[in-house]
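One structure is given below, encoded as structure tokens.
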Amino acid sequence: MPPELPSFLARFPAGSVVPQTGAGAPVDQETWVVRREVLLDLCRELHASRETRFDLLLEIFGMDYPEREQRFEAVYHLYSIPNGRRLRLKVPLAASDPTLPSVIPVWKAADWFEREAFDMFGLVFDGHPNLRRILTHEAFQGHALRKDYDAAKRWILTEDKIWQPRLEAPERGDSMFERMTINLGPSHPATHGTFRIVALVDGEEIVASEIEIGYLHRCMEKMSETHTWQQVIPYTDRLNYCSSFINNVGYCRSVEQLLGIEVPPRAVWARTILSEFSRIMDHVVANGSTLVDCGALTNFWYFYQCREEIYGLLESLCGARLTVSACRIGGLLADLPPDFVERSRRLLETIPPLISDVETLIDKNRIFLDRAVGVAAINGEEAVNWGYTGPCLRASGVGLDARKAHPYDLYDTVEWEVPVLRGGDVYDRYRLRMLEIRQSLSIIRQLLDRGVPEGPFVIDDPHVALPPKDACYNQMESMIYHFKLIMDGIQVPPGENYGFVEGANGELGFYCVSDGSGKPYRVRVRPPCFPIFSSFPTLIRGHGVSDVVATLGGLNVIAGELER
Amino acid sequence: MEVQGESWLTTKLDAFADWAQKNSFWPLPFGTACCAIEFMSTVSSHYDMARFGYEVVRFSPRQSDLMIVAGTITDKMAPVLKKIYDQMPDPKWVVSMGACACSGGFYRAYHVMQGIDEIIPVDVYVPGCPPSPEGLMYGILQVKEKVDRDRRALRRSKKNRKPKHAA
């Protein structure tokens, strides 16, 4: 059923906004094809109008269809928090003139996404204040995600070409200090990976800063296009490597929706439990590293003990600790180990004391409170405009959680709450994660009490899932299916689908496009920490350099996912 | 009086220095990606790398003698890695942790360096994606042996060379 169109559309010229309906239209969400001339006006209306109120810009990215007359396409994913509604805008662009207006005046989140689309596809956003490459390096030539770009074509960056920022901020006249530009990263103990922050400091205070990312751009999206659908699963592990399992689930769900298949209950049950365990793992790393950066090393060891315990459980399922690849399209990689429930129950007993120990040490700790309360605070409205999702948004007072707003798997069958705090500062982000860990434990406990559902762990469809090993060896037909699946991959019907899960640091989306060949035409990842990190210069303005260090861990920016 | 080769005192001093060095590396974790998380596991309470004398993890290249490259190195990161390696004082060793650092791993792509040995020398390669903490420990213990072996070989070559110069 097509949702009714907002009344303000009548004001736009005929044919400039065309909702896609009928055969061939995407079925996953409402899609409008928009002419670029009206894009900015339409976005303003969509954002401001009471009917629509699309306050959250999830992502902007490019598409390349070389055989089409209008070769490029800019795609916008919008979300309305009050209405819980999603909308996709597609703006076709000719290869000769791929320019379109920037939507930064409407959503600040657009800043980095537009730079990315420029870097990867060469789309030019008119009015963007700083349209330069973001993921690839300065010596790079061409646009990597265009279909005619060779996936292995490298360019060598030499030291003389490295970007040197020029930061400017108005003089205040009263300053008694000399201004100085300092550089943090990309190899710095407090940057947890590979970010470079260049800050202009006035004494201790940061007056302007700029961030350079892309030091871990591993071309995951391009790699997906050169592999079969199943082979993409290991690449998804390495997005947010602190909680690989959730990424697996997100990707598999998106492809399953495209295939139109149902996952057996046993697999859904296990996916929900392991996703929650992964969320705990992720939260403890985010909080642990925040605390380490503030000088509280002990907690990190406590937290890491949790992780080691959970690693054990994952290892018993799939043999890997960190990069698990435990999901398969249509289910799981293998059946659950016989002691799965018992082990999980043991974890439910070992984790809470470790968490409580940290809470006792930290929650009312004067030193931590001084470092964290009121630092890098952002209010709910701003956070939404910057494209925040996940714990960072919920710490700012907006209770958006995809598990509650659009329940998937078993989240609507268990009792749990979405914790929301209002401060939006470093301390609340830390507290919120602690509260979420408790909720996750409660979800797991309820599911374990239900017992393991009987049945297969993966869908019984030889066109999607590999037949059992023993059948492959003994039956001709199964062997052929096995051969076809390994050599040609799953034949996903043509179409497009945006599948999402609530990742550990926000909404993690996978936009999959299939052209009917055995390989993805495009796998686009919506990285939750990308828009969050783009707001970092705003967050730290006016704070000291030591606050930068205290803030970064709590935002939970994971380079693998940020830069893909 | 002319001393032939090296005196008893200096050889023993060398041996003592080697012994100290190989048992108390100061590693510099150059962590970029997933492998860095496993590196964290290795130094954390459960695996506790300090047992082997790798207690002092230093983030400053000036203070460290063992670089552990944990994670993918992209072309954008390459000049940084090279610079940091150059800043480390001699003698220094490099462990390449994980498939990406060793060979680019499964990222045969436009922005990924196909192994850090394109730009810096590597002493020990630890395979895995990521390697388990046991794997990393084994790799680091290999460095220890290598220190021993290399130094002995170096001394031997010195000894062999000396008489030639004298003659």
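Which chain is which? The protein sequence lines are L and G, in order. FYI, the numbering for the first sequence is 36 to 599, going by this note's numbering. FYI, the numbering for the second sequence is 851 to 1017, going by this note's numbering. Just so you know, even glycine gets a beta-carbon here, dropped at the ideal spot from N, CA and C. Just so you know, these numbers come straight off a predicted model, no measurement behind them.
Start and end of the beta strand (DSSP E) containing residue i?
i: residue 545 of chain L; result: 541-549
i: residue 115 of chain L; result: 107-115
i: residue 556 of chain L; result: 555-561
i: residue 880 of chain G; result: 877-881
i: residue 54 of chain L; result: 52-54
i: residue 159 of chain L; result: 159-161
Mind checking residue i: buried by the 16 CB within 10 Å criterion, or exposed?
i: residue 112 of chain L; result: buried
i: residue 218 of chain L; result: exposed
i: residue 188 of chain L; result: exposed
i: residue 554 of chain L; result: buried
i: residue 147 of chain L; result: buried
i: residue 498 of chain L; result: exposed
i: residue 988 of chain G; result: exposed
i: residue 927 of chain G; result: buried
i: residue 509 of chain L; result: exposed
i: residue 872 of chain G; result: buried
i: residue 127 of chain L; result: buried
Mind checking which residues open and close the alpha helix (DSSP H) that includes residue i?
i: residue 378 of chain L; result: 375-397
i: residue 96 of chain L; result: Here residue 96 of chain L belongs to no alpha helix (DSSP H); instead the beta strand (DSSP E) covers 91-99.
i: residue 473 of chain L; result: 461-485
i: residue 74 of chain L; result: 74-83
i: residue 573 of chain L; result: 571-575
i: residue 503 of chain L; result: First-last for residue 503 of chain L: undefined, no H or E at that position.
i: residue 518 of chain L; result: 511-523
i: residue 902 of chain G; result: Here residue 902 of chain G belongs to no alpha helix (DSSP H), and DSSP marks it neither H nor E.
i: residue 251 of chain L; result: Looking at the DSSP string, residue 251 of chain L is not in any alpha helix (DSSP H), and its letter there is neither H nor E.
i: residue 269 of chain L; result: 268-272
i: residue 134 of chain L; result: Not the alpha helix (DSSP H): residue 134 of chain L falls in the beta strand (DSSP E), residues 134-136.
i: residue 526 of chain L; result: It is not in any alpha helix (DSSP H) - residue 526 of chain L carries neither H nor E in the DSSP assignment.
i: residue 336 of chain L; result: 332-353
Using DSSP's beta-bridge definition, name the partner residues of residue i.
i: residue 947 of chain G; result: G:920 and G:976
i: residue 244 of chain L; result: L:234
i: residue 535 of chain L; result: L:544
i: residue 65 of chain L; result: L:122
i: residue 219 of chain L; result: L:232
i: residue 362 of chain L; result: L:367
CA-CA distance, residue i and residue j?
i: residue 36 of chain L; j: residue 124 of chain L; result: The pLDDT assigned to residue 36 of chain L is 42, lower than 50, so where the model puts this residue is not dependable; a value taken from the coordinates is nonetheless given after this. Their backbone Cα atoms lie some 18 Å apart in a straight line.
i: residue 172 of chain L; j: residue 966 of chain G; result: 17 Å
i: residue 131 of chain L; j: residue 920 of chain G; result: 43 Å
i: residue 426 of chain L; j: residue 467 of chain L; result: 7 Å
i: residue 1014 of chain G; j: residue 998 of chain G; result: Because residue 1014 of chain G sits at a pLDDT of 47, beneath the cut-off of 50, its placement in the model cannot be relied upon, and the following sentence gives the value as read from the coordinates. Whole-angstrom Cα-Cα distance: 25 Å.
i: residue 894 of chain G; j: residue 314 of chain L; result: 20 Å
i: residue 205 of chain L; j: residue 244 of chain L; result: 13 Å
i: residue 303 of chain L; j: residue 471 of chain L; result: 21 Å
i: residue 393 of chain L; j: residue 447 of chain L; result: 30 Å
i: residue 976 of chain G; j: residue 194 of chain L; result: 28 Å
i: residue 492 of chain L; j: residue 133 of chain L; result: 47 Å
i: residue 191 of chain L; j: residue 349 of chain L; result: 39 Å
i: residue 45 of chain L; j: residue 53 of chain L; result: 11 Å
i: residue 240 of chain L; j: residue 580 of chain L; result: 7 Å
i: residue 294 of chain L; j: residue 583 of chain L; result: 45 Å
i: residue 591 of chain L; j: residue 516 of chain L; result: 42 Å
i: residue 907 of chain G; j: residue 168 of chain L; result: 34 Å
i: residue 910 of chain G; j: residue 538 of chain L; result: 34 Å
i: residue 257 of chain L; j: residue 269 of chain L; result: 14 Å
i: residue 464 of chain L; j: residue 864 of chain G; result: 53 Å
i: residue 441 of chain L; j: residue 917 of chain G; result: 46 Å
i: residue 291 of chain L; j: residue 365 of chain L; result: 6 Å
i: residue 436 of chain L; j: residue 896 of chain G; result: 34 Å
i: residue 964 of chain G; j: residue 116 of chain L; result: 44 Å
i: residue 157 of chain L; j: residue 565 of chain L; result: 19 Å
For this session: Anything in the segment 873-906 of chain G with a Cβ closer than 8 Å to a Cβ of chain L? List those residues in chain order, please.
Result: 880, 881, 882, 883, 884, 886, 887, 888, 890, 891, 894, 895 and 896
Exercise. Just by C-beta distance, which residues in the segment 908-935 of chain G are closer than 7 Å to chain L?
Worked result: 909, 922, 924, 925, 926, 927, 928, 929, 930 and 934
Exercise. Along the segment 961-983 of chain G, what residues have a CB closer than 9 Å to any CB found in chain L?
Worked result: 961, 962, 963, 964, 979, 980, 982 and 983
Exercise. When you check each C-beta in the segment 331-365 of chain L against every C-beta of chain G, which residues fall closer than 8 Å?
Worked result: 335, 336, 339, 340, 342, 343, 346, 356, 357 and 358
Problem set entry | Residues, ordered as in the chain, of the segment 232-261 of chain L that lie near chain G by beta-carbon distance below 7 Å | 249, 250, 251, 252, 253, 254, 257 and 258
Exercise. According to a CB-to-CB cut-off of less than 7 Å, which residues of the segment 273-291 of chain L neighbour chain G?
Worked result: 273, 276 and 277
For this session: Check each residue of the segment 154-182 of chain L: if its Cβ is closer than 7 Å to any Cβ of chain G, include it; give the result in chain order.
Result: 171, 172 and 179
Problem set entry | Where the segment 192-216 of chain L meets chain G: residues whose CB sits under 8 Å from a CB there | 192, 193, 194 and 197
Problem set entry | Members of the segment 528-559 of chain L that neighbour chain G once the beta carbon cut-off is set at 8 Å | none
For this session: Check each residue of the segment 389-403 of chain L: if its Cβ is closer than 9 Å to any Cβ of chain G, include it; give the result in chain order.
Result: none
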